[in-house]
Amino acid sequence: MEIQYLGTAAAEGLPALFCDCEICKKARDTGGKEVRTRTQSVVDQKLLIDFPPDTYAHAIRYSLRLGQIQHLLITHSHMDHFFPVELIHRHEHFGHNAEGMLHVYGNAAVEKAFYDAVLIERFKVHPLDDAVRFIRLDPFADFMADGYHIIPVPADHDKREDCLIYIIEKDGKCLLYGHDTGMNLSGRAWECIFSHQYDLISMDATMGRMKTDGYHMGLADDIAFAKILEEKGCIRPDTC
Ligand SMILES: [Zn+2]
Ligand SMILES: [Zn+2]
Numbered sequence: 085m086e087i088q089y090l091g092t093a094a095a096e097g098l099p100a101l102f103c104d105c106e107i108c109k110k111a112r113d114t115g116g117k118e119v120r121t122r123t124q125s126v127v128d129q130k131l132l133i134d135f136p137p138d139t140y141a142h143a144i145r146y147s148l149r150l151g152q153i154q155h156l157l158i159t160h161s162h163m164d165h166f167f168p169v170e171l172i173h174r175h176e177h178f179g180h181n182a183e184g185m186l187h188v189y190g191n192a193a194v195e196k197a198f199y200d201a202v203l204i205e206r207f208k209v210h211p212l213d214d215a216v217r218f219i220r221l222d223p224f225a226d227f228m229a230d231g232y233h234i235i236p237v238p239a240d241h242d243k244r245e246d247c248l249i250y251i252i253e254k255d256g257k258c259l260l261y262g263h264d265t266g267m268n269l270s271g272r273a274w275e276c277i278f279s280h281q282y283d284l285i286s287m288d289a290t291m292g293r294m295k296t297d298g299y300h301m302g303l304a305d306d307i308a309f310a311k312i313l314e315e316k317g318c319i320r321p322d323t324c
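Just add 84 to the spot in the sequence shown (first one is 1) and you have this note's numbering.
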């Protein structure tokens with residue numbers, strides 16, 4: 085299993101759109117790896133995770149052929165993780181030779197955002213029925229997608245929706261994708277996380293050196309999280 089990080093910033097990006105602070109100015113001036121786009125990853129070029137407004141820029145920067153991808157996991161409905169109106173371009177009218185159906189997986193809030201975006205009057209002439217299909221996920225209800233066994237685990241994030249992190253398994257490899265969560269997970273979520281051994285744990289570090297109680301993690305939380313997993317036997321010597 086190979087993961088490619090396409091974007092790693094928080095919602096406002098770095099540099100932030102309207103920001104003139106010293107950090108953003110430096111990022112603008114320096115460019116390169118100082119510039120960070122909104123969060124998105126792709127596993128084996130088959131499983132896309134999250135769909136930020138920067139998806140278009142990622143596709144150009146990394147020469148991605150997104151028309152070949154048929155599975156898109158969404159963690160939650162925040163704009164930096166899900167910018168659904170762009171999905172209308174998978175219709176044959178814009179996305180020639182896109183392969184099969186793009187399955188979009190997410191919670192009820194993501195589902196609402198999806199239909200609100202793609203059913204607007206102006207795009208009704210290009211219905212997505214043959215190009216994009218939404219699949220609602222319930223916490224802990226595992227499923228298979230293109231040979232990947234996926235378990236949606238409820239995150240500690242925006243309480244107005246069932247934000248999800250994901251355990252993804254294939255060919256004996258296991259990934260914990262924990263972006264946009266704090267440490268205050270439910271007992272059942274911890275149990276589910278503890279029941280696996282991971283090859284890669286990919287975590288939220290939005291707070292950097294700062295500390296917050298839930299919702300996101302900082303570096304100290306990431307270290308604490310890894311320690312808990314180590315104690316539970318979920319980390320092997322070669323776990324990243
Ligand atoms: Zn700034
Ligand atoms: Zn969020």
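Here a beta-carbon is modelled for each residue, glycine too, at the ideal position from N, C-alpha and C.
From a predicted model like this one, the values you see are computed outputs, not experimental measurements.
- If you draw a straight line from the Cα of residue 130 to the Cα of residue 205, it comes to about 31 Å.
- Burial state of residue 250 is buried, judged by a 10 Å Cβ sphere holding 16 or more other Cβ atoms.
- When distances are taken from the beta-carbon of residue 241 to the heavy atoms of ligand 2, the shortest one is below 7 Å.
- A direct Cα-Cα distance of roughly 45 Å separates residue 256 from residue 105.
- DSSP places residue 102 outside both helix and strand once states are collapsed to three, so it counts as coil.
- In this structure, residue 201 lies away from residue 237, with their beta-carbon atoms at least 8 Å apart.
- Looking at the backbone, the Cα of residue 221 and that of residue 172 are separated by about 21 Å.
- Distances between the C-beta of residue 223 and the heavy atoms of ligand 1 are all 7 Å or more.
- In the DSSP assignment, residue 271 falls within the alpha helix (DSSP H) that extends over 271-278.
- The Cβ atoms of residue 165 and residue 187 do not sit closer than 8 Å to each other.
- For residue 264, the shortest separation between its Cβ and any heavy atom of ligand 2 lies below 7 Å.
- Within its own chain, the residues whose Cβ lies closer than 8 Å to the Cβ of residue 230, once the five positions on either side in sequence are excluded, are 130, 131, 154, 155, listed in chain order.
- Within the region 91-171, the runs of alpha helix (DSSP H) at least 4 residues long that lie entirely inside it are, in chain order, 106-114, 139-145.
- Between the region 271-290 and the region 298-309, the count of C-beta pairs closer than 8 Å reaches three or more; the two stretches touch.
- Here the C-alpha atom of residue 114 lies approximately 19 Å from the C-alpha atom of residue 90.
- The alpha-carbon separation between residue 120 and residue 85 amounts to approximately 24 Å.
- In the DSSP annotation of this structure, the continuous segment of the alpha helix (DSSP H) that includes residue 197 starts and ends at 192-202.
- Under the criterion of beta carbons closer than 8 Å, residue 295 and residue 304 qualify as touching, at roughly 6 Å.
- Per DSSP, reduced to three states, the secondary structure at residue 253 is strand.
- When the five nearest sequence neighbours on each side are left out, the beta carbons in the same chain lying within less than 6 Å of the beta carbon of residue 233 are those of 253, in order along the chain.
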